[in-house]
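Protein chains in written order, with our numbering: chain S, 1 to 115; chain C, 1001 to 1112.
If you want it as structure tokens, here you go:
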């Protein structure tokens, strides 16, 4: 079946512009996660959705970052007024029901470059 | 403060030999551990996991060992194959948490 998909695969933007990154989770997966991987670093947790609500937003680095999920499916991560330190690969993952299903399935990521 | 540490950035192994990837953690609240494999330009792929109530889990060529007292886990791949060449990430869940905490990864190269 279809895995997690993300778009765009690559995004180059100028400092100060807003960007939207999209994630389509595996059908039927109620839990959705956003991570980012900066150069030479491990994956850093950003936010977790269960259905359309986000019980854990603790990883969002600043108020320039926001995310929403609609219909218990597609999620959008928005970064406002992008900065060069926002350059990273942004990864989305989904799982069946949060902690009751430990495996998270990852998409291919969106590589964001802020110039 | 890194809670999951993979101290070897890279590892080279001959085809057919054993690959041993190591991971240390500092947070005693971690209760479930996973290994992911990542190829370039792809997302991480789940490989194998282990609960803190076990000390070993095996799946084909892959075995994960957990030493809770030492806060150490390792992934053994036997025999190693060229297709195993990838970056391997160790990750952990804390009790009651939905966040996966990842190490920085170890790049494994299996030489034919």
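Yeah, the Cβ is synthetic: ideal placement off N, Cα and C, and Gly gets one too.
Note that the structure is predicted; figures quoted are calculated from it, not measured.
Where residue i sits in the DSSP three-state scheme
| i | result |
| --- | --- |
| residue 84 of chain S | helix |
| residue 20 of chain S | strand |
| residue 1008 of chain C | coil |
| residue 63 of chain S | coil |
| residue 97 of chain S | coil |
| residue 50 of chain S | strand |
| residue 1003 of chain C | coil |
From the options, residue whose alpha carbon lies closest to that of residue i
| i | options | result |
| --- | --- | --- |
| residue 1134 of chain C | C/1062, C/1003, C/1094 | Summary: the structure shown does not reach residue 1134 of chain C, with chain C confined to residues 1001 through 1112, and so no result is reported for it. |
| residue 54 of chain S | S/102, S/40, S/73 | S/73 |
| residue 1025 of chain C | C/1038, C/1097, C/1103 | C/1103 |
| residue 1008 of chain C | C/1088, C/1039, C/1065, C/1054 | C/1088 |
| residue 16 of chain S | S/83, S/77, S/70 | S/83 |
| residue 110 of chain S | S/87, S/103, S/102 | S/87 |
| residue 1004 of chain C | S/18, S/43, S/13, S/90 | S/43 |
| residue 67 of chain S | S/13, S/11, S/18, S/2 | S/18 |
| residue 1111 of chain C | C/1084, C/1092, C/1046 | C/1084 |
Check your understanding: Taking only runs of the beta strand (DSSP E) that begin and end inside the segment 1063-1105 of chain C, which ones reach a length of at least 3 residues, in chain order?
Key -> 1072-1077, 1086-1094, 1100-1102
Check your understanding: Got a sec: which bits of the segment 63-81 of chain S sit with their beta carbon under 8 Å from any beta carbon on chain C, in order along the chain?
Key -> none
Check your understanding: Which residues, in chain order, does the segment 1093-1107 of chain C contribute to contact with chain S at a C-beta distance below 9 Å?
Key -> 1093, 1096, 1097, 1098, 1099, 1100, 1101, 1102, 1103, 1104, 1105
Check your understanding: Touch check for the segment 1028-1048 of chain C and the segment 1070-1082 of chain C: three-plus C-beta pairs under 8 Å?
Key -> yes
Review point. Taking Cβ-Cβ distances below 9 Å as the criterion, which residues of the segment 3-27 of chain S are in contact with chain C?
Key: 3, 4, 6, 9
Practice item. May I ask you to list, following chain order, the residues of the segment 1036-1052 of chain C that have a beta carbon less than 9 Å from some beta carbon of chain S? Key: 1036, 1038, 1041, 1042, 1043, 1044, 1045, 1046, 1049, 1051
**Study point:** At least three beta-carbon pairs within less than 8 Å, the segment 28-35 of chain S to the segment 79-97 of chain S
**Key:** yes
Point to revise | Members of the segment 1005-1032 of chain C that neighbour chain S once the beta carbon cut-off is set at 7 Å | key: 1032
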